[in-house]
Every structure is written in structure tokens, then in C-alpha cells.
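A.B. asks: I have a structure I would like to understand better, so I am pasting it below and will then ask my questions one at a time.
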Amino acid sequence: MIKIMRYFIILSVIVTLAGCGLAPLKKRGEQTNEDTTENQTAENKFSTPADDAVDKFASGDSLQVSSLNDPNSPLSQRVMYFDLDSSQVKDEDRDIITVHAEFLATHSEITVVLEGHADERGSREYNIALGEKRAKAVKQLMTLQGVAETQIQVISFGEERPVALGHDASAWNLNRRVEILYTGY
Amino acid sequence: MIRYSSLFLILWLSLFSSAHAILTIEITHGSEGSQPIAIIPFEWKGKGTPPASLKNIIAADLQRSGQFSPLPNKDLISRPHEGKDVKYQTWRALNVGYLVVGKIHALADGSFQVQFQLLDVFKGRQLAGYSIRSLNSGLRRTAHHISDIIYKTITGEEGAFNTHISYITVTRNKNNKKQYQLAIADADGYNEKIIYTSPQPLMSPSWSPDGTRLAYVSFLAGRPEVHVQNIFSAKKEKLASFKGLNNAPRWSPDGKYLALTLSKDGNPEIYIMNVNSRKLTRITRSYAIDTEPEWLPDNKGLIFTSDRGGSPQLYEIKLNTNRVTGRAQRITFEGNYNSRPTVSFDGRYVAMVHRTQGQFRIAVLERGTQNFRVLTKGQLDESPSFAPNGRMIIFATEEKYQGILSAVSVDGRARQRLSIKNGDVREPVWSPYKVNK
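So the protein lines, in turn, are chains D and U. Residue numbers for the first sequence follow the working numbering, so the first one is 107 and each next one is one higher. Residue numbers for the second sequence follow the working numbering, so the first one is -11 and each next one is one higher.
Printed below as a string of C-alpha cells:
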């Protein structure tokens, strides 16, 4: 499932960028056609500069690209949750966003998709807009910390892609979220 | 009147002839003050058994409108098939105002000739009498046609029984992967036809006013785009795939424009697109969410959802040949969540999703009187859509964690539930009357 999601996100970003007339992804060796596969992107991972120190507890700008696949890295926290009707980033999520922002600011070749979501209550189209507003709130915090606009793609699925399938407060709390998805990771 | 069932009907029949009863209907709430009517089972003049019970279909149609209460079979004291055989005084004793009698003749070529009469019991005379030719697979449609004639003769208003609904279903395919389907069915839920299947979410179907095309949102490209599909040829076109949101398409009453939500210029704003030239006109300018546009009759304005006041509420903006005239005015003041407006075809009512005590319900605002009424009792009621005669609203709700469709009369008196056997059903939209009616 995760593989499919990744593939899907790669495709969608490529298609999106191509559709907007922007330059294709500037990732070394990246395929820009729709035949890009999981294996190809895996081979195309960036080499790690030798002088980058590995410090999992440091701020994002000292993290290296390999941290993206490290479950103990602060970069592994990639979901922010929101209150009902709200697109305000919670205080406790600001540090997570800062780590990602600093990392992205120092790795300008890496791109992310910020995927906004809502819970199932209320109207579907309003929830799509609300999901976008949430993702844009996260985007704004990132760009204020030096991430380039071109590194961030915002997509909203509204209530169409819940992670929790229940119909109660605990499920709704998990579904009102923004996910940071690293393109190709 | 008979031409009504001509060209369009034949197209529908030839394309959608399979009569799968995937949706089933259940009357959940009767209505007080509705008119008693006796519908006698039609006499069958043919071999075997008739392919459909006209009596049952007509009775279900009339009951669903909330304005009639058909007599149960056990209360039918006699079963005449022609007006001349009716003994009016026995029906008067039962206080039944109207009687429907008829016959189905099976013809040699496989079609049918259906005769029926609508009788006024108290005046002791015929109000309407027709003979209708029907194709084999079209008996259900003929029954809806008869319901429309009965409804109009008695109430003076157009019926909406011979119309369609479109909706989205979410099911699992044989590999247990979600699949999203765009479906069309008769207004009573029968004759379901899937016209598009996608592995990615589909949303927000909207009928063209001539009933030939549907606009909808497709996530097939991994993000929302507005597509338009001809329901007969299945020909598809991508109409909007700008950066950001491409959502909430709504066809204008004159068929020339789509109102839609785009966020290409920053945040979600309402635009109008000329369907032929694709030229865009921006309608809203605010830092808030503006979405879910819905047209007023004659392209005279839009009603939309905006959170510019801090919570989602409905606003109205006037248009003169697509030029905004004046500022958007807030029109909802009850509670702190009103969204997804839908306007009756005469512009008299606006239905919406309204939150009250944490429950999401369908409410209706009468624009002239400002009378506001909550019509439903669910927890997650959404996506209201008016019947083309403005008397009923179909909407999506949930029962035992399954998305189902339900309908309610605008006066709130009659409710009916349509259920599907598998998966979730959502976002119903009622078709317009067809242009070639």
C-alpha cells in the first residue's frame, strides 16, 4: 500500500508540475515520464556529502538525506493534527515542522507534498477546501523558514482518504491532518 | 403528452435496459394530511405474468411525494379495470378521493399498450385517461409517466417521477481495492447504470441542464480535476486542471457555464468558466475559503459557502451576464455551520448542510420569507439536491456506517430511504427535466 502511495505521489507531482508548465523535478537522474518506478527512484537517491555529521537530535539543517529512511530521525514524524473546523497549526507541531523546514531549506533538491485532510463531518467540497487550508498553513510555516515555494506541492483530499475508518471522535481526531510526503522516499 | 416518452426515452432504454434493482426503497415516514388514492392492480392481457407491477411502482411514486397515501391491497374492496365498471358510492364510503384503473395489453411485437384512467370518486367522473405504448423494458418508465400525469392532474404541479439521479458509489473490487463509481439511476433508484469507474476518488457530480452530460471532480491524476462526461457516448473531457483545487463544478441554468472552485491564485475562490471557450471569470476575492457555488435561476447570481465570517455560512452574490454586481451578502444566520447550498429550480428554496448540536442535517431556507427549517434527523446528512419540481430533496446520510441515500419532501412530512447492497452511496444529484420533454 505504501509503495503504491509513493508511486502515486511521484506520478502526481510529475503530472502536476508538467501541467503547470513548471520545470520538471530537478532531481539527479529523475525520470520525468510516467514510467518512473519505485526501483528507479530508489537507485537515484542522493549520495550523502561526507562532511555531513549524523546527529539525530540536531536541528533539521544538520540532517542528511539518509535520515529520511531512519525511523529514529526527527524527520520520521510527518503528520500534524488539527482541531475541528480549524486550520491553525498546533503549538506542539511547530517543532516538527521546523525540523522538516530546516532540512528542506538545506536540501533544495528535495521536494515534498503536503497532503491536507478533514474528517467525515460536514460537506465534502468544504472539507476539500479546509484540507487545503490546513496544508497551506503548514506550507507557510515552512516557507517562512527558508523552504522554496517550488519544493512544496499542496494537495487536499478533504474527507475522501481517512486513515481511521471509525465514526467517532477518536477516528475524527486522526483524520483531521496534514501529512508530509517526501517525493521518492 | 405521449411524445414525452419518445426520443429521450428510447435512448435511455436502448442504453440502460437492464433492470437491476440494486437500490431498494423503503418508506420510513408516512405523512399526515396526504390524499387517499386507490390504485387498482392493472389487468394483464397477455401470456404469463406482466414484467412489472405498474400498480406497485405508481403507488410507491405517489407515496414518496408525501402528498398521497395509496390504499394497501387488502383495502381494495373491488378491482375494476375500466371507469364504466366503477361503483363510486362504495369508494366514497371509504373516503377515497381518487381511483386509478387500467389494463396492459401485450402486443405481438413484444411491446405493450397501457390504458389507464384517473377517476374523481366524489364527482363520479374521469379526470384523465390515456393509452400509452411501452417497450418491454420500459414498463417501469411508463409507470413513472402515469405517476406524473396523476400528480399533475390532481396537484396542478409537474411531477418528477420520470427523472433520474446520479450519485457516487464506493465499493471494493475483487482485489479488495476501493473503486469509485459514477452512477445514474431512475429517480426511484431502479435501473442503476455505472457510467465511469476510477481507482481514485470521484466527487461532486453536476447535471448539464439538458440532462446529457455530467461534470464531476476526478482524482485520477492524484489531485482534483474537473471532468465532463457525456452520459450516452461516455466521451470525457478535462475542463479544469489548474494548480491547486479544481472542485465543486455546477452547471449554469442556461448550460453555457460552469461555476467552480479554483485555488490557482492562492486560496479557494469561485470562478465561472465558459464551457466552450474555457474562458474564466473570477467571482470572489477574499482571504477565506469560498467554495460550493450554486446558481440562482436564469444565471442571475450564485450562492456559495464561505468562512470569511469565521465559520462556514452561505453568501449570495448577484450577477449580470457574469459580471458581479454588488457585494456578497450573507444569507444564513442559524448556527455556526451552513454549507453546500442547493437551490430549487424556481429559486424559492435553498437547501444546505446545517450543523445543530454537533449533528449535520439538511435544512431549507425559503428565500422570500427567510423561514428556516431543519428537515432531517441524521448525524451525517449531506449533499442535498432538489427534484426538478422543487417538492423533494434527495440527500446522502449514513446508517450503520454505510453511506445511503434518502429523500425528504420540502415540507418535511415524508421521508424515504434508498439503500444499496454493497458499499457506500454518496452525493446524489437529481436530474433536470429533459429538454425534449
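Glycine residues also receive a C-beta, built at the ideal position from the N, C-alpha and C atoms. Computed from a predicted structure; not experimentally measured.
Excluding the 5 residues preceding and the 5 following G411/U in the sequence, name in chain order all residues of the same chain whose CB lies nearer than 6 Å to its CB.
C.D. replies: For G411/U, where only same-chain residues beyond five positions count, the Cβ hits under 6 Å are T157, V158 and T159.
A.B. asks: Residues of the stretch 248 to 266 of chain U in Cβ contact with chain D at a cutoff of 8 Å, in chain order, please.
C.D. replies: The stretch 248 to 266 of chain U vs chain D, Cβ under 8 Å: T249, S251, N255 and P256.
A.B. asks: Select from the stretch 249 to 260 of chain D all residues with a C-beta closer than 8 Å to any C-beta belonging to chain U, and list them in chain order.
C.D. replies: Residues passing the 8 Å Cβ filter: V260.
A.B. asks: Could you tell me whether any Cβ in chain D is nearer than 7 Å to the Cβ of I27/U?
C.D. replies: So, not an interface residue.
A.B. asks: Expressed to the nearest angstrom, what Euclidean distance is found between the alpha-carbon atoms of I286/D and D253/U?
C.D. replies: Straight-line Cα distance between these residues: approximately 23 Å.
A.B. asks: Residues in its own chain within less than 7 Å of S135/U by CB, not counting five upstream and five downstream?
C.D. replies: Contacts found: I46, D49, L50, G147 and F149.
A.B. asks: Compute the distance between the beta-carbons of P329/U and N287/U, then report whether it is under 7 Å.
C.D. replies: No, Cβ-Cβ distance for P329/U and N287/U is not below 7 Å.
A.B. asks: For P372/U, decide whether its Cβ has a neighbour in chain D, counting only Cβ atoms nearer than 7 Å.
C.D. replies: Closer than 7 Å: no.
A.B. asks: With DSSP as the reference, please indicate the residues paired to Y187/D in a beta bridge.
C.D. replies: Paired residue(s): R283/D.
A.B. asks: Rounded to whole angstroms, what's the CA-CA distance from E387/U to I65/U? Just pull it up for me.
C.D. replies: Cα-Cα distance, rounded: 38 Å.
A.B. asks: Which of the three DSSP states, helix, strand or coil, is assigned to R403/U?
C.D. replies: In this structure, R403/U counts as strand in the three-state DSSP scheme.
A.B. asks: Would you say Y232/D reaches chain U, if we count a Cβ-Cβ gap shorter than 7 Å as a contact?
C.D. replies: Cβ-Cβ to chain U under 7 Å: yes for Y232/D.
A.B. asks: Counting only the same chain and skipping the five closest in sequence on each side, list residues whose C-beta sits under 8 Å from that of Q23/U.
C.D. replies: Taken in chain order, the residues that qualify are Q55, F56, S57, G85, Y86 and I142.
A.B. asks: I think L246/U touches L227/U, with their Cβ atoms under 8 Å apart; what is that distance to the nearest whole Å?
C.D. replies: Right, their Cβ atoms sit about 7 Å apart.
A.B. asks: Three-state secondary structure (DSSP) at I261/D?
C.D. replies: Here I261/D sits in strand by DSSP.
A.B. asks: Beta carbons nearer than 7 Å to chain D: which residues of the stretch 309 to 328 of chain U have them?
C.D. replies: Those residues of the stretch 309 to 328 of chain U that come within reach of chain D (Cβ to Cβ, closer than 7 Å) are Y325, S327 and R328.
A.B. asks: Can you tell me whether Q367/U is helix, strand or coil according to DSSP?
C.D. replies: The answer is coil: DSSP assigns Q367/U none of H, G, I, E or B.
A.B. asks: Establish whether the CB of I271/U and some CB of chain D are separated by less than 7 Å.
C.D. replies: Chain D contact via Cβ: absent.
A.B. asks: Go ahead and label V205/U buried or exposed: buried means 16 or more other beta carbons lie within 10 angstroms of its beta carbon, across all protein chains shown.
C.D. replies: So V205/U counts as buried.
A.B. asks: Which stretch, first to last residue, makes up the alpha helix (DSSP H) that contains R129/U?
C.D. replies: Unbroken alpha helix (DSSP H) run through R129/U: L127 to T143.
A.B. asks: Is it the case that the Cβ atoms of S262/D and G237/D are separated by a distance below 7 Å?
C.D. replies: Yes, they are a contact pair.
A.B. asks: Which whole-angstrom value is the C-beta distance of P420/U and Y155/U, which I expect to be below 8 Å?
C.D. replies: At roughly 16 Å, the Cβ-Cβ gap does not stay under 8 Å, so P420/U and Y155/U are not in contact.
A.B. asks: Return the bridge partner residues of D412/U from the DSSP annotation.
C.D. replies: Looking at the DSSP assignment, D412/U forms a beta bridge with V158/U.
A.B. asks: Using the Cβ count rule (16 or more neighbours within 10 Å means buried), how would you classify S229/D?
C.D. replies: Buried, because 16 or more other Cβ atoms sit within 10 Å of the Cβ of S229/D.
A.B. asks: Below 8 Å CB to CB, which residues in the same chain sit around N377/U once its five sequence neighbours on both sides are set aside?
C.D. replies: If we look at N377/U and ignore the five residues flanking it on each side, its Cβ neighbours are E145, E146, G147, A148 and F333.
A.B. asks: In terms of DSSP beta bridges, what is I258/U paired with?
C.D. replies: DSSP output for I258/U lists T249/U as bridge partner(s).
A.B. asks: Looking only at DSSP bridge pairs, what is Y232/D linked to?
C.D. replies: According to DSSP, Y232/D bridges with nothing at all.
A.B. asks: Compute the Euclidean distance between the alpha carbons of S265/U and K244/U, then round it to the nearest angstrom.
C.D. replies: For S265/U and K244/U, the distance between alpha carbons rounds to 10 Å.
A.B. asks: Do you know offhand how far V413/U's Cα is from N179/U's?
C.D. replies: Distance between the alpha carbons of V413/U and N179/U is about 15 Å.
A.B. asks: According to DSSP, is G135/D part of a helix, a strand, or is it coil?
C.D. replies: Low local confidence applies: a pLDDT of 36 at G135/D is under 50, so the model's placement there is unreliable, with the coordinate-based value given in what follows. If DSSP states are grouped into helix, strand and coil, G135/D belongs with coil.
A.B. asks: Would you say the stretch 220 to 234 of chain D touches the stretch 173 to 180 of chain D, given that touching needs at least three Cβ pairs under 8 Å?
C.D. replies: Result no; under three Cβ-Cβ pairs closer than 8 Å.
A.B. asks: Just confirm the distance between the C-beta atoms of V398/U and V331/U, as a whole number of angstroms; I'd bet it's less than 8 Å.
C.D. replies: About 12 Å separates the two Cβ atoms, so there is no contact after all.
A.B. asks: Measure the C-alpha to C-alpha separation of F209/D and S173/D and round it to an integer number of angstroms.
C.D. replies: When rounded, the distance between both Cα atoms is 10 Å.
A.B. asks: Let me check understanding here. Comparing Cα to Cα, which of R121/U, Y259/U and R318/U lies closest to P300/U?
C.D. replies: It is R318/U.
A.B. asks: Going along chain D in order, which residues have a C-beta closer than 7 Å to the C-beta of T279/U?
C.D. replies: Within 7 Å Cβ-Cβ: E231, Y232 and A235.
A.B. asks: State the start and end residues of the unbroken beta strand (DSSP E) segment that holds T204/D.
C.D. replies: Here T204/D belongs to no beta strand (DSSP E); instead the alpha helix (DSSP H) covers D197 to T212.
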